[in-house]
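Visitor: First the structure, then my questions, so here it is.
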Ligand code: SR1
Ligand code: MG
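In the numbering used here, the protein residues as written are 100 to 514.
Structure, rendered in structure tokens:
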């Protein structure tokens, strides 16, 4: 059957045979299209026996329209990323019930009562397990998807499978690493920010840092990354955390997802003064956001260390050269060097992500929801400056330096 975008009316006939056992009689399904992302159709399907989510790729970018074609094959990459992530960190991504490659359609577990993390952060809610869950997810998926865990043959076969995700790679290469640094046609920004933007673009060290980050993104095919780990790609309850939407998955640097997630925490941090009723009212929340940055890296590094010691069975840093030769200290030194490289790359990705979410095509609700234009400009100017310093000073910033830097720029108070 040729590909056809679904509607709430046509979905039961299409998915009934595959999902009848799970959802019940398709003639009694109710279907609502709820997609509010940039790319796809998303349906909630309710039946007498259960609920599922059905996500279907459109042949164009939903955010822009038919003038920006996109390959349906992104659904294939999302399916393969979801199944790998489910195996590498069980329970952290929605279970896939059905995949129809021709229809670019994935039916998966309906996450309830979960909400999108970004909306919860805008509302000022805390999640006690967030940094731990994401830190573990990143360490496990990135370590187990790399040559630290996989044989050369398996790694190269998987790289080949994901190598065709070129159009979504190009979106990141263009929107994240290049567009923010010149007057690109798709860019948009808050009025009043032009002076900051001119200063940013005049900073040669920053433009070099951004291109070094792009160079790393393109050439460091170290592991299977989620590829779009912002706070809209995470769903939460009070204490549960799930990662969704890996359609940008590709082989890239260890630090990419880590840096993207940290950037989104820091964007939320700098947005706080736009959301508080009186100065300082959101200080505890500021503290919570910065604590997430520190805890994320701590948990990530500890789990990565654990996997390095217990699951390093791949083609890289073979045990025979270290532990097997009586050189445990050598294995520790190599681990320290790998972690240092991941952190440094993550800071570069963090900086550019902060910039593109203010200057590029795709912005974030944390800042967009600030109603007072003057307060919004101030928040965005601070975030731009943090991004600039993080990217250009990445070789010398520790995790503690990073959070102190953001606090310093946000008001000179270590909140
Ligand atoms: C053109 S799509 C814009 C953004 O939405 C996605 O979620 C990615 O972040 C992409 O960069
Ligand atoms: Mg998405």
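The C-beta atom is built at its ideal place from N, Cα and C for all residues, glycine as well.
If residue 203 and residue 117 are in contact, beta carbons under 8 Å, what's the gap, nearest whole angstrom?
Guide: Between residue 117 and residue 203 the Cβ distance is about 15 Å, and since that is not below 8 Å, they are no contact.
Visitor: Can you check which of these residues, 308, 187, 130, 181, is closest to residue 193 by C-alpha distance?
Guide: The shortest Cα separation from residue 193 among 308, 187, 130, 181 belongs to 181.
Visitor: Please determine, among 460, 399, 283, 255, the residue with the shortest C-alpha to C-alpha distance to residue 320.
Guide: If we check each option's Cα against that of residue 320, 255 comes out closest.
Visitor: Using only the heavy atoms of the ligand SR1, determine whether one of them is closer than 7 Å to the beta carbon of residue 174.
Guide: The answer is no for residue 174.
Visitor: How about the stretch 332 to 340 and the stretch 298 to 307: do they share at least three Cβ pairs that are nearer than 8 Å?
Guide: The stretch 332 to 340 vs the stretch 298 to 307: no contact.
Visitor: Is residue 307 buried or exposed, if buried means 16 or more other CB atoms sit within 10 Å of its CB?
Guide: Burial call: exposed.
Visitor: Looking only at C-alpha atoms, which of 287, 345, 123, 136 sits nearest to residue 218?
Guide: Here the closest residue by C-alpha is 136.
Visitor: With respect to the beta strand (DSSP E) encompassing residue 323, which residues constitute its N-terminal and C-terminal limits?
Guide: Segment 322 to 324, the beta strand (DSSP E) holding residue 323.
Visitor: Please work out which residues of its chain come closer than 8 Å, Cβ to Cβ, to residue 341, disregarding the five sequence neighbours upstream and downstream, and give them in chain order.
Guide: So the qualifying residues of the chain are 191, 192, 193, 210, 213, 333, 334, 335.
Visitor: Classify residue 497 as buried or exposed, calling it buried when 16 or more other Cβ atoms lie within 10 Å of its own Cβ.
Guide: The residue is exposed, with fewer than 16 neighbouring Cβ atoms inside 10 Å.
Visitor: Starting from the C-beta of residue 512, find all residues in its chain whose C-beta is less than 8 Å away, skip the five residues before and the five after it, and write them out in chain order.
Guide: Low confidence applies to residue 512: its pLDDT is 40, below 50, so where it sits in the model is not reliable, and the reading given next is rough at best. Once the five neighbours on either side are set aside, the close Cβ partners of residue 512 are 506.
Visitor: How big is the Cα-Cα spacing for residue 185 and residue 261?
Guide: Between residue 185 and residue 261, the C-alpha separation is close to 17 Å.
Visitor: Give the DSSP bridge partners of residue 340, in chain order.
Guide: Beta-bridge pairing links residue 340 to 335.
Visitor: Counting pairs of Cβ atoms below 8 Å between the stretch 350 to 368 and the stretch 134 to 152, do you hit three or more?
Guide: Output reads no: the stretch 134 to 152 does not touch the stretch 350 to 368.
Visitor: Within 10 angstroms of the Cβ of residue 380, are there 16 or more other Cβ atoms? Answer buried if so, exposed if not.
Guide: When all chains shown are included, residue 380 counts as exposed.
Visitor: Excluding five sequence neighbours on each side, which residues of the same chain lie with their C-beta closer than 8 Å to the C-beta of residue 473?
Guide: Here the set comprises 291.
Visitor: For residue 157, which of 151, 134, 179 has the nearest alpha-carbon?
Guide: Among 151, 134, 179, the Cα nearest to that of residue 157 belongs to 134.
Visitor: Quick check on DSSP: helix, strand or coil for residue 189?
Guide: Here residue 189 sits in coil by DSSP.
Visitor: Does DSSP put residue 499 in a helix, in a strand, or in coil?
Guide: Of the three classes helix, strand and coil, the one that applies to residue 499 here is helix, per DSSP.
Visitor: Can you give the Cα-Cα distance for residue 457 and residue 246, rounded to whole angstroms?
Guide: Rounded to whole angstroms, residue 457 to residue 246 spans 35 Å at the Cα level.
Visitor: Which class does residue 398 belong to by DSSP, given the choice of helix, strand or coil?
Guide: DSSP places residue 398 in helix when its eight states are reduced to three.
Visitor: How far does the alpha helix (DSSP H) with residue 202 in it extend, from its first residue to its last?
Guide: Run containing residue 202: none; DSSP gives neither H nor E here.
Visitor: Cβ atoms of residue 102 and residue 201: under 8 Å apart, would you say?
Guide: Cβ distance < 8 Å, so residue 201 and residue 102 count as in contact.
Visitor: Report the partner residues of residue 132 according to the DSSP bridge assignment.
Guide: The partner list for residue 132 (beta bridge, DSSP) reads 142.
Visitor: Take residue 138 and list the residues in its own chain whose beta-carbon comes closer than 8 Å to its own, dropping the five residues that flank it on each side.
Guide: Closer than 8 Å at Cβ, skipping near neighbours: 156, 157, 160, 161, 162, 169, 173, 346.
Visitor: With a threshold of 7 Å (Cβ to nearest heavy atom), would residue 126 be considered close to the ligand MG?
Guide: Flag unset: Cβ of residue 126 not near the ligand MG.
Visitor: Which of helix, strand or coil does DSSP assign to residue 463?
Guide: Residue 463: coil per DSSP, three-state reduction.
Visitor: Are residue 395 and residue 368 close, meaning C-beta to C-beta below 8 Å?
Guide: Contact flag unset, no.
Visitor: Whose C-alpha, out of 127, 356, 467, 121, is nearest the C-alpha of residue 452?
Guide: Out of 127, 356, 467, 121, 356 has the C-alpha closest to the C-alpha of residue 452.
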